[in-house]
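For what it's worth, full-length UniProt numbering labels the leading residue of the sequence shown as 1, then goes sequentially.
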Amino acid sequence: MKKHKNIPATIHPRSISQSRSQSHAPRIPLADAATVATEVMFAHSDSIEALQSIMRHPRSLNRDIANWRPPIKQLPRVIDHGELTASISRFRVGPRAMSRIHGYGERRKPAYLIRLRLTDPTGFEVRPEIAEGWVRALIPPHAATAVHEIPSGQAITFVWMVDREYQPLRSPSSMFAGLDRAA
1 MKKHKNIPAT IHPRSISQSR SQSHAPRIPL ADAATVATEV MFAHSDSIEA LQSIMRHPRS
61 LNRDIANWRP PIKQLPRVID HGELTASISR FRVGPRAMSR IHGYGERRKP AYLIRLRLTD
121 PTGFEVRPEI AEGWVRALIP PHAATAVHEI PSGQAITFVW MVDREYQPLR SPSSMFAGLD
181 RAA
């Protein structure tokens with residue numbers, strides 16, 4: 001895996017909810033997302049390769065049946081945060097979304113919407129810098145602006161469009177308005 005530097009910060013971190021925090025003191029991140037991404041790329045490259053494989057696997061394609069569940073992967077401990085659970089779903093892109101992407105200036109044809117949902121198996125809220133670090137390690141550094149965060153309670157959900165080679169495409173964040181109710 002390539003060594004990436006200067007990955008731009010584009011995703012706005014959420015603060016921990018007052019109902020789950022132990023104290024009312026402000027939370028100071030112990031590491032930024034770039035530091036987490038660096039550790040993930042070098043210490044857990046096998047997990048990144050597994051996530052990329054799951055993303056391309058036919059089982060990750062969303063199905064309209066009641067018992068379908070997205071594939072999950074347990075992610076190892078990073079920095080001072082415990083293990084996480086990642087679920088990856090892939091949705092086919094329809095003609096309306098394709099025209100919006102082309103209207104936004106993207107020349108490549110979108111094929112799928114990827115949804116990565118990160119949760120803490122113990123039920124606590126996922127720290128934003130840890131989740132963002134995993135995403136930065138998963139996608140190419142030039143594509144960081146293509147990823148959008150969807151607020152979803154205790155979990156952190158990221159979405160992005162990809163072409164048929166699974167390369168992220170630039171897309172307006174307005175395309176994902178309302179997905180927080182669906183996620």
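A virtual CB, placed ideally from N, CA and C, is assigned to each residue, including glycine.
- Contact between S171 and A146 holds: their C-beta atoms lie close to 6 Å from each other, under 8 Å.
- Within the segment 94 to 159, the complete beta strand (DSSP E) segments of 3 residues or longer fall at 112 to 119 and 148 to 152, listed in chain order.
- Assigned with DSSP and collapsed to three states, S60 falls in helix.
- Using a 10 angstroms sphere on the CB of S60, the tally of other CB atoms reaches 16 or more, which defines it as buried.
- For A43, the uninterrupted alpha helix (DSSP H) run begins and ends at A33 to A43, by DSSP.
- Counted as a single uninterrupted DSSP element, the beta strand (DSSP E) harbouring F91 occupies residues L84 to R92.
- Contact check for L118 and I48: beta-carbon distance about 14 Å, past the 8 Å limit, so the pair fails to qualify.
- With a cut-off of 8 Å on Cβ pairs, the segment 161 to 171 is in contact with the segment 100 to 113, counting three or more such pairs.
- Between the alpha carbons of A37 and R96 lies a distance of about 34 Å.
- Beta-carbon to beta-carbon, N62 and R90 are separated by about 6 Å, close enough to satisfy the 8 Å threshold.
- Residue pairing by DSSP places I72 opposite S87 in a beta bridge.
- Excluding its 5 nearest sequence neighbours in each direction, R56 has C-beta neighbours in its own chain below 8 Å: Y166, listed in chain order.
- By a beta-carbon distance limit of 8 Å, Q154 contacts E125. Their separation comes to about 5 Å.
- Its chain contains T85 and S87 as the residues whose beta carbon lies nearer than 6 Å to that of I72, once the 5 sequence neighbours on both sides are disregarded; these appear in chain order.
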